[in-house]
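Since the structure comes first, as structure tokens, the remarks are kept for the end.
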Amino acid sequence: METDKLNRIAEEKSSIGPIEKVGTGLKTVMRLENLTKKFGSFIAVNNINIEVYEGETIGLVGPNGAGKTTTIKMIAKLLRPTSGKILVLNKAGKLQALNGNDKDLVRFGFLIDQPFFYDMTAYQILRYFARSQNYQKEKINSRIDELLKLFKLFKWKHEKVNTFSKGMRQKMGIIQSILVDPQIIILDEPQTGLDPKARIEIRATIRELQKLGKTIFVASHMLHEISEVCDKIALINNGKIVAFDTIENLEKNLKEKELHCQLLYPIPHKDLESTIDRINQKLEHYANHNIEVPTPEHNHSVKYNPEEQNFTIYYDGKRESRGEILEILMSEFKSNNKIISFSQPKTSKLEQIYLEMILEDQPRDGGG
Ligand SMILES: Nc1ncnc2c1ncn2[C@@H]1O[C@H](COP(=O)(O)OP(=O)(O)OP(=O)(O)O)[C@@H](O)[C@H]1O
Ligand SMILES: [Mg+2]
52 METDKLNRIA EEKSSIGPIE KVGTGLKTVM RLENLTKKFG SFIAVNNINI EVYEGETIGL
112 VGPNGAGKTT TIKMIAKLLR PTSGKILVLN KAGKLQALNG NDKDLVRFGF LIDQPFFYDM
172 TAYQILRYFA RSQNYQKEKI NSRIDELLKL FKLFKWKHEK VNTFSKGMRQ KMGIIQSILV
232 DPQIIILDEP QTGLDPKARI EIRATIRELQ KLGKTIFVAS HMLHEISEVC DKIALINNGK
292 IVAFDTIENL EKNLKEKELH CQLLYPIPHK DLESTIDRIN QKLEHYANHN IEVPTPEHNH
352 SVKYNPEEQN FTIYYDGKRE SRGEILEILM SEFKSNNKII SFSQPKTSKL EQIYLEMILE
412 DQPRDGGG
């Protein structure tokens, strides 16, 4: 039957792809597929792909204007993607495109930008929100008390939220985001504008949510801050995901992709360009084509630092490549110069690369 076929196609389209990572038992709860958002001709979010497994905490980290809030607003359906898909687990245990029937999807909770509250008490605000979300009426009061206690705000239950400190209001925003017991919690800059003590409290809060088995997607421009609580980091810059992995793997990956080569003498100025061109060509074969390193020189295999007369070599990280690269460099510098050291840096590069990303973008006031 023609209609049967169409129904089947529609069903296949609405529940796409494997939801279990083979052999791991990990279940996908959200998948961003080639997600893109343009504002006119400006590409704010550029073809991003992120898979989120149940119970994971993912940090979306990038400088001001990188595209974090835009991504989150698309997940919250406050913005429509220009192209690409957002797939979310539905109650039948399948992935379903976000533009389908919302009621079938697992529940989401959001904290977007700085939360705005009406001139009401903590209790009134939370009760109003729970009712608007059709939370079971008879459970509302006990749920509000439970969360106010968990976040140490119970004492202020009947105080107006407008009198709360910034940290307390941010906690209220987080309480609101988890009030109706969502499976996926999406937090945009939860530590924005908070002092160190309040930021620590927010981290503790995220840890509490992890203990409850929640899947958390948290955007931040503070790599150091957020990496403490995340299982994985997605680095975003200029709308593109430049790396997505566990912090451990990101650091390993970055370390292994760089080699340092120290020369005894500087390369004479007149030979500089030709020498670097030649080395770039010879090392092209070993360049890392898999991952885009967010540094200005990532299109080249080598960077020469004349003051220190050393090279940084960006390569594919393979063991066998290292020996071959050394041979190439030794033959290049055998007659009129000498390689005095050839090594892999031991320090973490992740923070450094992220700082370079931030420096490229002028910070703006007020956030996205
Ligand atoms: N409605 C809009 N119209 C036009 N451009 C927009 C709009 N919303 C965002 N942008 C632009 O898209 C880019 C990404 O913005 P976004 O708010 O997603 O960044 P962000 O990573 O959240 O930054 P921040 O750390 O400052 O919050 C920015 O250059 C921003 O100016
Ligand atoms: Mg933002």
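Per my numbering, the sequence shown starts with residue 52, numbered consecutively.
Backbone N, C-alpha and C fix where the C-beta goes; we use that ideal spot for every residue, glycine too.
Three-state secondary structure (DSSP) at residue i?
i: Ser92; result: coil
i: Ala148; result: strand
i: Ile318; result: coil
i: Ile163; result: coil
i: Ser394; result: strand
i: Glu252; result: helix
i: Ser386; result: coil
i: Tyr104; result: strand
i: Thr363; result: strand
i: Trp207; result: helix
i: Glu343; result: Residue confidence for Glu343 is low, a pLDDT of 48 falling below 50, so the modelled location carries little weight; the figure read from the coordinates is stated next. Coil.
i: Leu263; result: coil
i: Tyr405; result: helix
i: Tyr169; result: coil
i: Glu348; result: Annotation note: pLDDT 48 at Glu348 (below 50); position unreliable, coordinate value reported separately. In this structure, Glu348 counts as coil in the three-state DSSP scheme.
i: Arg82; result: strand
i: Asn97; result: strand
i: Leu323; result: helix
i: Gln313; result: strand
i: Leu129; result: coil
i: Asp328; result: helix
i: Lys303; result: helix
i: Thr243; result: coil
I need the boundaries of the alpha helix (DSSP H) containing residue i, first residue and last residue.
i: Lys4; result: For residue 4 there is no data in the structure shown, the boundaries of the chain being 52 and 419.
i: Tyr355; result: Premise fails: Tyr355 lies in the beta strand (DSSP E), 353-356, not in any alpha helix (DSSP H).
i: Leu156; result: Neither: Leu156 is in no alpha helix (DSSP H) and is coded neither H nor E.
i: Gly290; result: Looking at the DSSP string, Gly290 is not in any alpha helix (DSSP H), and its letter there is neither H nor E.
i: Ser372; result: 370-383
i: Leu177; result: 173-183
i: Gly224; result: 217-229
i: Ser278; result: 274-278
i: Thr108; result: Counting along the chain, Thr108 falls outside any alpha helix (DSSP H), though it belongs to the beta strand (DSSP E) covering 108-112.
What are the boundary residues of the beta strand (DSSP E) that includes residue i?
i: Tyr337; result: No beta strand (DSSP E) holds Tyr337; DSSP gives it neither H nor E.
i: Lys136; result: 134-140
i: Thr122; result: Looking at the DSSP string, Thr122 is not in any beta strand (DSSP E); the run it does join, the alpha helix (DSSP H), is 119-126.
i: Leu238; result: 235-239
Assuming contact is defined by CB atoms lying nearer than 8 Å, are residue i and residue j in contact in what I supplied?
i: Ser228; j: Gly110; result: no
i: Phe295; j: Val103; result: no
i: Val212; j: Thr172; result: yes
i: Ser134; j: Asn85; result: yes
i: Val280; j: Val157; result: no
i: Phe159; j: Pro241; result: no
i: Leu323; j: Ile390; result: no
i: Leu177; j: Ile163; result: no
i: Phe168; j: Arg220; result: yes
i: Leu301; j: Leu138; result: no
i: Leu27; j: Phe180; result: In the structure as shown, the chain begins at 52 and stops at 419. Residue 27 is therefore absent and cannot be evaluated.
i: Gly122; j: Ile99; result: Here residue 122 is Thr; the residue named in the question, Gly, does not match the sequence. Cβ distance < 8 Å, so Thr122 and Ile99 count as in contact.
i: Tyr405; j: Ile376; result: no
i: Glu309; j: Thr363; result: yes
i: Arg82; j: Leu146; result: yes
i: Asp239; j: Glu107; result: no
i: Asn288; j: Pro114; result: yes
i: Ser352; j: Leu380; result: no
i: Lys188; j: Leu199; result: no
i: Pro166; j: Met223; result: yes
Any C-beta of chain D sitting closer than 8 Å to the C-beta of residue i?
i: Arg373; result: In the structure shown, chain D cannot be found, because there is only a single protein chain.
Does the beta carbon of residue i fall short of 7 Å from some heavy atom of ligand 4?
i: Asn115; result: As presented, the structure is devoid of ligand 4, carrying ligand 1 and ligand 2 as its sole ligands.
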